[in-house]
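First the structure, in the form of C-alpha cells, and then the observations on it.
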Amino acid sequence: MTGPLDVLSVATVVPPRRTHKSRLGAPSSGLYHHLYEPAGNFSRPDGIPRGVLTKWSAPYEAPAAEEGQRCSDLALEAATAAAGDRAGTVASTFHVQCTLDQQIVGSAALRLQHDLFRTAAETMGVGQTGTAGVPTALRLAAATPLARGRAIAVVAADKWIAPHYRRKAETPHGDAAGCCLLGRDAERPVARLLGVHTLVAPPLAGFWHAGAAAVEDHLAAIGATCVDALLARAGAPAAPRVIVGDAPASALAERVAAAAGLPASPPRPGDDVHLGSAALVHAVCRGVEQAVETGAPVELVAWTACPSGNAGAVLLRCDPGAVATLNGWTSFPTMNG
Amino acid sequence: MPDRTADGLLGIVDVAYHLPGEAVDIADYGARHAVAPDLVERLIGNHVRHFHDGSDCSDGDLIGHAVEALCDHRGRRWLADVAYLIHARTQPFSAPAAPMSVVNELIARFGMTPRLAFGVEQLACAGVVRAIDWACRLLRDDPAARYAMVVTSDRVFGGPEWRIRQDAGVQTDGGSAILIGRENLRCVIGTISYKTFPGLHEGPSTPENRAAIARYSWHQTKHAFVEHAQAAGGSVDDVAMYMPVNADHHYWGLIADAMRVPAERFFLDNITNRGHACCNDLALNLVDGGLPVIALGGTVVYCGQSNLGIYANISFLPVPEPDAVDPATALEVAA
Chain A
30 MTGPLDVLSV ATVVPPRRTH KSRLGAPSSG LYHHLYEPAG NFSRPDGIPR
80 GVLTKWSAPY EAPAAEEGQR CSDLALEAAT AAAGDRAGTV ASTFHVQCTL
130 DQQIVGSAAL RLQHDLFRTA AETMGVGQTG TAGVPTALRL AAATPLARGR
180 AIAVVAADKW IAPHYRRKAE TPHGDAAGCC LLGRDAERPV ARLLGVHTLV
230 APPLAGFWHA GAAAVEDHLA AIGATCVDAL LARAGAPAAP RVIVGDAPAS
280 ALAERVAAAA GLPASPPRPG DDVHLGSAAL VHAVCRGVEQ AVETGAPVEL
330 VAWTACPSGN AGAVLLRCDP GAVATLNGWT SFPTMNG
Chain B
20 MPDRTADGLL GIVDVAYHLP GEAVDIADYG ARHAVAPDLV ERLIGNHVRH
70 FHDGSDCSDG DLIGHAVEAL CDHRGRRWLA DVAYLIHART QPFSAPAAPM
120 SVVNELIARF GMTPRLAFGV EQLACAGVVR AIDWACRLLR DDPAARYAMV
170 VTSDRVFGGP EWRIRQDAGV QTDGGSAILI GRENLRCVIG TISYKTFPGL
220 HEGPSTPENR AAIARYSWHQ TKHAFVEHAQ AAGGSVDDVA MYMPVNADHH
270 YWGLIADAMR VPAERFFLDN ITNRGHACCN DLALNLVDGG LPVIALGGTV
320 VYCGQSNLGI YANISFLPVP EPDAVDPATA LEVAA
C-alpha cells in the first residue's frame, strides 16, 4: 500500500537547558581523537586545531544531554514515547542523525530495531543531509510499501560533542530527539502529510569562517525557496495555515515566515534554540498543539534548513482531536503516553 | 541462475573506483611503523599485501576522482541526468564534519541537480547494498528519472592499530561511483536480500561483542548466502562468482566448504591486491573480478558483510539479449 502518510503519533525528547560557555559541544576529552589524525583534517571543523575542545564565548543556554547519555539513548527514548504500545506494528525504521554517536562504532538504527522495533523488516540511518534530514526520511517513508495496520518510524536525534560546534552562528543547537510514527489511511491521525519538498543545494561556501549574517542569509534563501516550492504544489488551504521553522523564535524564522506570507506559530519558551535533526519533529508537535488549542484543524508548514545546503518543508493538516502524551501527541486514545 | 530481477531492467550502467596514491606494501609499512614482524608475517601468510593510504584526501576528493573517471569514459552530460545521489560509508568519521555533507559537496563540484540526495548510514559495509537497493526503488517509482548514482568513500583515521584488522586484513582508503539506470547496462541488478542479527548493534565495542562477532559471523554469512540463493529462486551452486569483502581469506574458504561450492568461486584476489576498502569493495570487486564473469554469462553475488549484525547480498546478472552491449573493458583508475 502506498499513498499519503499519516502521523499516528509524535514525540520529542529535549534534555534540560544548561549554561554553556563554549561554542563547541560537550568537551569529552579523547572521545573523537581520530579526528586529530591527519585524515581527520577533512572531517573536523575547519580552524579547530589538535587538542582544542573549547572555544570560549559569552554564556548561553541550550538543552544538553548528560555526559553518558548517547545519541542513540535519546533516539530510543523519543521512539519509545512516540510508539507507546504500537512498537510491534513498525515495519520500517529510518533514523536521521547529523552528529556522531559517542560510541563511535555502534548503530542507533540497528539499536532501535533490536531494542524497540523488533518486527521491523528494515532499518537504516539517513545522513549527509545536515540537520535537515527528516523531510528526506519522510520522502523515503512515502516510497516504502506498507501493509494495512503497519507503521513506519522516522526517528531523529543529535547530541553535540566537541570538536563539533554547538553554536557556530547566532542560534545554538540543543541536544534533542524526536520520532514520528507514520501509517496510511488512519481513521483520525494526529496529522495528515499533504506534501513534502526537499532541496539539495551546494553548501554555504566558507561556512566555517562565515559570520552569523552570512549563515542566516543562506538559510533564509534555501528555507524560503523550499517553502515556496512546497506551497506552489499545494492546493488552496482547507484550514488556517501557520509556519514553524528551526528555532521558531529566531529572526531567521521570522524572515522565512514573512517571505511565505504566513503567520508564525506563537513562540514558546525554549524556541530560541535549534533542535538539530529533531527540529522538524518539534515543529510538527507545535502544529498539532495549535490545532488542539484552537479546537480546529490547522495546516502546518514546517521547514528546516542547514548550511550543508539541505532544506526541507512539509505541509500537514493537524487534527484538533489529538491526544496529549507526556512528550507529544497521539491518535491512539488507549495509549499510555 | 534463475533469479528475480527488477520490474523492468535496472542495472549498472558504469562503475569506477579510485584508490589514492601508489599501493603500499604491508611489509614496508610494517617496517616503517614498528609493526611486530610476526604480525606482518601472519598478514602476508593470510594473503594480505597491498593497500592505499589517502590521509591527505577528503571523502569528496576520493569520490570526485571516481566520478571523474566516469566522465573520462562517458563525457559530462550524463551528470545532469542523475536524479538520485546516494552515499554509503562504513567508517563513521569518513565524512565532512557535522553539519556539512559530502553529497552536497559533490553536487557543487559536479553541478548536479538531483531530486533527492542522502547518505545510507549506520549499516557499515552492508550500507552500499542498501544504497543500491534505494537507487533501484527510487528509479522504479520515477519512470522519468534516467540515472541514480551510488557513491562510496571510506578512509582510515590513524596508524597501524586502525589500519590492520587482526592478522587477516588491511584497511585501504578509497572512493567509488556506481551509475545505475535502465539502458546500456553492463549488468542487471537482481535479487537483494538482508539478514540481520541486531543484537550486535554496538559493533566490536566490547570484548563480548568482539568474541560474538569472531565466533558467529562466518556462520551468519553462510546463512545469508543460502537464504539469498533461496530468495533468488535458485541454489548457492548457481552463482559463478561470489565477491566477498576484501579481508579474511581463510574464512571465505570455510564458508565455501560449508556451502559446498568450490573455493575458486570466491573472488579473493583483492584481499592481496587492494585491501579492504569497506563500502568501496563492491565497486573494486565488480570492476576487477565481477564484470568480466558477467560478460561471459555468469551470475555474481556480492556480500556486504558488517560487524554490526547486518548482512546484505546482491546479485548481478548478465544483460539479456538484445539489450546487451559489448562488454567494455573494466574501468579502473588508480592515481
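Sequence order for the protein chains is A and B.
Under this note's numbering, think of the first position of the first sequence as 30, with each following residue one higher.
Under this note's numbering, think of the first position of the second sequence as 20, with each following residue one higher.
C-beta atoms are modelled at their ideal positions from N, C-alpha and C, and glycine is treated no differently.
Just so we're clear, the structure is a prediction, and the values are computed from it rather than from any experiment.
Secondary structure of F176(B) (DSSP, three-state): coil.
Y103(B) has a beta carbon lying at 8 Å or more from every beta carbon in chain A. Between E328(A) and P266(A), the C-beta gap is smaller than 8 Å, which places the two residues in contact.
DSSP lists V36(A), C347(A) as the beta-bridge partner residues of A220(A). In this structure, DSSP gives N292(B) a helical state, which the three-state scheme calls helix. DSSP, reduced to helix, strand and coil, places M262(B) within a strand of the structure shown. Separation of G209(B) and A187(B) (C-alpha to C-alpha, rounded to the nearest whole angstrom) is 31 Å. The Cβ-Cβ distance between M260(B) and G308(B) falls below 8 Å. The shortest C-alpha to C-alpha distance from A161(A) to any of A268(A), A263(A), P232(A) is the one to P232(A). Secondary structure of N326(B) (DSSP, three-state): coil.
Under the Cβ criterion (8 Å, minimum of three pairs), the region 90 to 107 of chain A does not count as touching the region 65 to 72 of chain A. Across the structure, A231(B) and E221(B) are spaced so that their CA atoms are roughly 12 Å apart.
Linking G357(A) to A111(A) through their CA atoms gives a straight-line distance of about 7 Å. Under the Cβ criterion of 8 Å, G222(B) is counted among the residues facing chain A.
Closest option to T173(A), judged by alpha-carbon separation, among Y89(A), A312(A), G212(A): G212(A). Straight-line spacing of the CA atoms in A120(A) and A137(A) works out to 17 Å.
Contiguous alpha helix (DSSP H) elements confined to the region 188 to 254 of chain B occur at 226 to 250, taking only those with 4 or more residues.
Here S121(A) is bridged, per DSSP, to E151(A), I181(A). Taking 4 residues as the shortest admissible run, the region 128 to 172 of chain B contains the following complete alpha helix (DSSP H) segments, listed from N- to C-terminal end: 146 to 159. Looking at the DSSP output, F71(A) shares a beta bridge with no other residue.
Bounds of any beta strand (DSSP E) do not take in P164(A); it lies within the alpha helix (DSSP H) bounded by 163 to 171. Look at H143(A): its C-beta is under 8 Å from a C-beta on chain B. Beta-bridge partners assigned by DSSP to S279(A): none are found. In terms of CA proximity to I197(B), L310(B) leads the group L310(B), N289(B), D47(B). Closest option to E95(A), judged by alpha-carbon separation, among K188(A), Q319(A), T152(A): K188(A). For D78(B), the chain A residues whose C-beta falls within less than 9 Å of its own C-beta are F71, S72, listed in chain order. Excluding sequence positions up to five before and after G54(A), its CB lies within less than 6 Å of the CB of W189, I190, A191, H193, R195, all in the same chain and listed in chain order. A distance of 8 Å or more separates the beta carbons of H238(A) and P217(B). Contacts with chain A (Cβ-Cβ distance below 9 Å) from the region 111 to 123 of chain B involve P111, F112, S113, A114, P115, A116, A117, P118, M119, S120, V121, V122, N123, listed in chain order. Taking a cut-off of 8 Å for Cβ pairs, the region 118 to 138 of chain B and the region 330 to 339 of chain A touch, as three or more such pairs fall below it.
CA-CA distance, E140(B) to F123(A), rounds to 10 Å. Residues of the region 171 to 192 of chain B with a C-beta less than 9 Å from any C-beta of chain A: R174, V175, F176, G177, G178, W181, D192, listed in chain order. Annotation for E124(B): G79, P115 place their beta carbon closer than 7 Å to its own, counting only its chain and skipping 5 residues before and after. Nearest CB-CB separation between I251(A) and chain B: not below the 8 Å threshold.
Taking 8 Å as the threshold, the shortest C-beta distance from L64(A) to chain B falls below it.
Residue environment analysis places K197(A) among the buried positions, since at least 16 neighbouring C-beta atoms fall within 10 angstroms of its C-beta.
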